[in-house]
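Under the numbering used here, the first residue of the sequence shown carries the number 4, and numbering increases by one thereafter.
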Amino acid sequence: MIKKVQYVVLTALLSLLISSTFAQSGMVKGTVADLKGEVLIGANVYIEGMTTKGTITDVNGNFILENVPVGQVKIISSFIGYLNEEKIVAVIDGKTASVDFVLDEDIMQLDELVVIGYGTKRKRDITSSIVKVKSEEMENVSVPTFESALQGRTTGVQVTSDNGMAGGGVTIRVRGTSSLMASSQPLYVVDGVPIITGSYTTDNGFPDKSNALAQIDPSDIESIQVLKDASAAAIYGARSANGVVLITTKHGKQGKTKFNVGYYSGMSDITNKLDILDGSDYLKYTKQAWTNSNKGTEQQYYENLPFNIYNPSITVNPDYSGDTDGGVYRTNKDVIDNTNTDWIDLMLRKGNVQQANVSASGGDAKTTYYLGGSYRDEKGVIISNAFKRVNGRMNLEHKATEKFSFGSDIALTYTENNRVPTGWAGGLGTAQSRSLPIMPVYNADGSFFAPRSGVNPIAEDANLNYQANTMSILGKIFAKYKITDDLTFNADFGLNNLYLRENKYVGTIIQEDAFSMDRRVEVNSYNTNTTLNYDKNFGEDHHLTAMAGMSVQKNNQYESEFNSSQFPSPTLQNPNSGVKKGGYDYETEYGFISYFNRESYSYKGKYLASFSLRFDGSSRFGLNNQYGWFPSGSVGWIISDEGFMEGVSFLSLLKLRGSYGLTGNAEIGDYRSFGTYYTTQYNGESGIGVGNIANPDLGWEKTSQTDVGIDYAFLAGRISGGFDYYYKYTTEMLLNVNVPQTSGSSSVIQNVGKMKNSGVEFFIDARILTGDFNWTTNFNIGHNANEIIDINGQILSGENFGNNFAIEGKPIGSWRLVEYAGVDETTGQPLFINQETGEATSEYNYDRDAIVTGNPYPDFYGGLNNSFTFKNFDFSALFTFSSGQDVYRDDAKFFQGGNIGSNWNQMQIVEDSWQSSGDKTDEPQLSWDGAGSTYNTTHYLSEASYIRLKTLSFGYTLPRSFAKRLKIDKARFYINGQNLLTFTNYPGWDPEVNRDGSGNITQGVTYLSPPQIKTLTFGLTLNF
């Protein structure tokens, strides 16, 4: 009986104890959002000291913590990219407490993952020089391609828009130019796939390049990382000497489907109008030049006007009929005296642009997805110039088991580019030069005036059609297998296919015989990567990551053209209809095979080291030199984590890092090491000529780079930034070396040159104010000095006109010009410095007096961005600047008084020309023959520094409560401006110029180049 009583009592006590234990807990629920009110999906919420008692927020930012001990409990919320927030919550037995977290952005973001070659790494552990641009920074930029969004935001990366044409090219230099003959553009890798770059459109009569990178829609991009130093880039070996741009596209996240819809529309105009003479001023100053040169009577002046347009015996300009009049067009004095045609204004228009994009992303524990599509329609500021793009993307990933997952990233893009001739080829270039303001557009009978003389760009535009359409596929399929908790196997197969079709038709209105062309280019790039990734902690102090892999890439290109002329009817425009036919076709290919590895080690999280090695082989190089090793190493020390720094409370981070590595440049074209031949004709007989002379020892250019840098942060990360010094040294640079003519060729390509680049970079990010009014600022500045060390004693000229040269001891692209000494105050004649005597003389002697001067690259460049938010309003302004660069205005020597008696219109500056003895001016007396004015002198070398309001954005986001009533998560309305203001003393169209998208030597030259544009757009984004 006693035992029964003891059992009952013991059972009752245990039951009471258990029920008491379970009852002494409660629940905590709430939401996690950022300062803008955006919910954070997947944020961690946990009890201090009890990380196992935690949860994550759902797709609405909500969380629930169960079985929370009663009492005063510290709850912590964390999310990558944001500062942790802690709150004390009073938990009552059996009750539910509510608490909401609002996380502030972590400016330092040391735990943020940074994409590196074939992997990722925490920002804290980075020992290389890498700059990152997030998608949020590109959302306020209404640009057609992502490269333009990098300008002013990426330290050490110089971005130049070649021109303002729709679909136009962009030039990017990462830490300077490292080659003379090979490409200096960086390697672009999208989701691990090296992509097709450059321009595949013909430049025959259309010198301004198109842009293959337009196949990438900026709205699909999650982030861009630029690998600048060798320790970061050398993992890509023979193609990384110019830096590497890693682009990561958007992928789905676990949660309900989230939709994003965006639309903007706007208008564009040129940034500046060229100040040239109107009709009356043209007559005034050309008559003055005629009189100054004692050429004769006024009647003789009219009879000697350009293109022989004057004939006193007729009153109406006749239609052109064959070559009976030698192709000259004549009109009368009355028409000449009363015509004032603004040809530039006629060739320009107000451009417009509209873009719409939509995306959907989401997933569950097994499968995530991102689907996106966009449409862009842009009409350029030059008449008939237009660009359209249709883009679709599908990124999928499926987790088949706990260890195995696979997926695909696929994008399809179609573009249409209506190209127009520019520069020396016609169009707007003609409107600036040969199209005189005293010429009418039309004759009295409505026909075009002088349609075949090359002086009427309106007639040319109406009878010329040139369209370049592309279809591209960019994507990969991939698989991941987790062998152990520490070891993962990755494999992917990537492809980038580009199909280009160009159609060009020139009608008989502007030339005697019509011409039609159908040109096709197909480029196929296939790439496979396999890697093993190891990630292991050894105790609390040691962390090791290692990666080893193999890559194989094959590229082939096929090009063909079919053209014809002599059409039986103007209505027949297909090349098949022409009587006289021509064309060509060819095919090239190259391949790479690569083996690589990288190891990174961290001791106590503050002593860091990394090493990589790549072994590359390429078919582009000689049989004796097809393989090469590309090693790199880097170290880092987080000084702020040391015990002796504990008293320095204001210092959040101080990291010292250094690196060294070897990279290569293989972008030289195909078959350059082989002996090649070409077919030709002489006196009507067919023959064979020597193309390349074989060089089996031809290898890649090699660039070694040393980098020393400091990363810092103060005041809990409110102020952060970095400083870098680098030194790049390129050896075995490719050059055409002269050989005896008896070899059948004048030169052979060899590895003989040397060049160096050195510079400093600095950036600072600051969160100045927080709260309802938030102010952040970002500033970066870079300096690069280039010098050619050895080019075998040669002086190499540029790829096009402009007097750029490569000269030992000088920066690449310097000019050889005669030094201009102003104007003789007595005679009004131009003066030049005699380099033998040092005195000014009116004698022009280029061989004796030319000096090396100028630099097409800036001394300093960078950007300043300020962003403000006040409650639901946001405002940002990005200024870019470039200081110290020169531009040679190769056209100014013709329309700055030099060609006034010939066939060009003139700039308004001829008003400042010398008139009488004692005049102080830099512009010589006007003369009909332009004596001394068209010489290559420093008179036309202009300093082209500028500050530009690159981006201005103002937006308003609907209050979250109101948006919820509309069944949406977020709605933002905004106004965006690009290139709205430019501050410069440069006298031409625009200081940001790159003639014809030319090569490495011919930079900083303009010759009737199209101007940049400014754009104003209005847009809306919806998230739901």
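Even glycine gets a Cβ: it sits at the ideal position worked out from N, Cα and C.
Between the options, which has its C-alpha nearest residue i's C-alpha?
i	options	result
Thr433	Pro1013, Phe1021, Asn343, Gly29	Pro1013
Ser181	Ile810, Lys757, His786, Val1008	Lys757
Asp488	Ala462, Phe717, Glu525, Asn540	Asn540
Ser905	Gly201, Glu225, Thr289, Tyr121	Thr289
Tyr57	Lys32, Val526, Trp778, Asp516	Per the sequence presented here, residue 57 reads as Gly, with Tyr not at that position. Nearest option by C-alpha distance: Lys32.
Gly256	Gly395, Leu351, Asp61, Arg770	According to the sequence displayed, residue 256 carries Lys and not Gly. That would be Asp61, whose Cα lies nearest to the Cα of Lys256.
Arg819	Tyr849, Gly831, Glu115	Tyr849
Phe452	Ser519, Trp346, Ser387	Trp346
Ser554	Leu984, Leu955, His942, Ala241	Ala241
Ile83	Ala36, Val92, Ile67, Gln291	Ala36
Gly762	Pro460, His545, Val711	Val711
Ser519	Gln569, Ala494, Glu525	Gln569
Gly457	Asp893, Asp448, Tyr728, Ser438	Ser438
Tyr630	Gln684, Asp619, Glu139	Asp619
Val196	Gly155, Gly64, Phe481	Phe481
Tyr728	Ile784, Asp448, Ala697, Val742	Ile784
Asn343	Gly365, Ala363, Asp284	Asp284
Leu399	Asp714, Pro833, Gly365, Gly1002	Gly365
Is residue i helix, strand or coil by DSSP?
i	result
Ser580	helix
Leu1023	strand
Tyr191	strand
Leu415	strand
Val338	helix
Thr180	coil
Met270	strand
Ile347	helix
Met4	Here the model assigns Met4 a pLDDT of 47, short of 50, so the residue's position is not dependable, and the following value carries that caveat. In the structure shown, Met4 sits in coil (DSSP, three-state: anything other than H, G, I, E or B).
Arg127	helix
Lys298	coil
Thr1009	strand
Gly426	helix
Met648	helix
Thr158	coil
Trp778	strand
Arg675	coil
Pro1014	coil
Gln357	strand
Asp1	No information on residue 1 is available, as it lies outside the stretch 4 to 1027 that the chain covers here.
Which whole-angstrom value is the C-beta distance of residue i and residue j, which I expect to be below 8 Å?
i	j	result
Phe492	Leu535	6 Å
Asp1030	Val826	What the structure shows of the chain is the stretch from 4 to 1027, and residue 1030 is not part of that stretch, so it cannot be assessed.
Pro440	Gly282	4 Å
Ile238	Ser615	5 Å
Val356	Gly269	6 Å
Tyr484	Phe599	Actually they do not touch by this definition, with Cβ atoms about 20 Å apart.
Tyr266	Gly1022	6 Å
Leu106	Leu86	6 Å
Tyr417	Val393	5 Å
Ala359	Ser377	7 Å
Compare the C-beta of residue i against all C-beta atoms of chain B and say whether one is closer than 9 Å.
i	result
Gly756	The displayed structure is made up of one protein chain only, and chain B is not part of it.
task: Report the residue ranges of all alpha helix (DSSP H) runs contained in full by the region 848 to 897; include only those spanning at least 4 residues, in chain order.
output: As far as the region 848 to 897 is concerned, its whole alpha helix (DSSP H) runs of at least 4 residues are 849 to 852.
- request: Spell out a yes or no on whether the region 970 to 980 and the region 951 to 960 are touching, meaning 3 or more CB-CB pairs, one atom from each, closer than 8 Å.
  value: Touching, yes, given that three or more Cβ pairs across the two stretches are closer than 8 Å.
- request: Indicate whether the contact test is met: 3 or more Cβ pairs, each with one atom in the region 627 to 635 and one in the region 664 to 673, closer than 8 Å.
  value: Flag = yes, the region 627 to 635 and the region 664 to 673 touch.
query: Do three or more CB pairs link the region 381 to 400 to the region 121 to 133 at distances below 8 Å?
result: Per the Cβ contact rule, the region 381 to 400 is not in contact with the region 121 to 133 (fewer than 3 Cβ pairs under 8 Å).
field: Length-filtered (3 minimum) beta strand (DSSP E) runs lying within the region 454 to 490
entry: Within the region 454 to 490, the complete beta strand (DSSP E) runs of at least 3 residues are 467 to 485.
- prompt: Which ranges would you report for the beta strand (DSSP E) in the region 682 to 735 if only whole runs of at least 3 residues count?
  reply: The qualifying runs are 688 to 693, 704 to 717.
query: Counting Cβ pairs closer than 8 Å, one from the region 90 to 102 and one from the region 64 to 80, do we hit at least three?
result: As far as the Cβ criterion goes, the region 90 to 102 touches the region 64 to 80, which means the pair count is three or higher.
field: Continuous alpha helix (DSSP H) assignments of at least 4 residues falling wholly in the region 902 to 969
entry: Entirely contained in the region 902 to 969, the alpha helix (DSSP H) runs reaching 4 residues are, in chain order, 963 to 968.
- prompt: For the region 879 to 896 against the region 993 to 1010, are there 3 or more C-beta pairs whose distance is under 8 Å?
  reply: Contact between the region 879 to 896 and the region 993 to 1010 is present, because at least three Cβ pairs lie under 8 Å.
- prompt: Taking three-plus beta-carbon pairs below 8 Å as touching, is the region 465 to 472 in contact with the region 182 to 197?
  reply: Output reads no: the region 182 to 197 does not touch the region 465 to 472.
message: Contact between the region 689 to 709 and the region 640 to 652 is defined here as three or more beta-carbon pairs at a separation below 8 Å; is this criterion met?
response: Counting C-beta pairs with one atom in each stretch, the region 689 to 709 and the region 640 to 652 have fewer than three that are closer than 8 Å, which means they do not touch.
- prompt: With a cut-off of 8 Å, do at least 3 Cβ pairs link the region 579 to 593 to the region 559 to 567?
  reply: As far as the Cβ criterion goes, the region 579 to 593 touches the region 559 to 567, which means the pair count is three or higher.
query: Touching or not, the region 724 to 738 and the region 693 to 707, by the rule of three or more beta carbon pairs under 8 Å?
result: Output reads yes: the region 693 to 707 touches the region 724 to 738.
message: With three or more C-beta pairs closer than 8 Å as the rule, is the region 652 to 660 touching the region 713 to 731?
response: Yes: at least three Cβ pairs fall under 8 Å.
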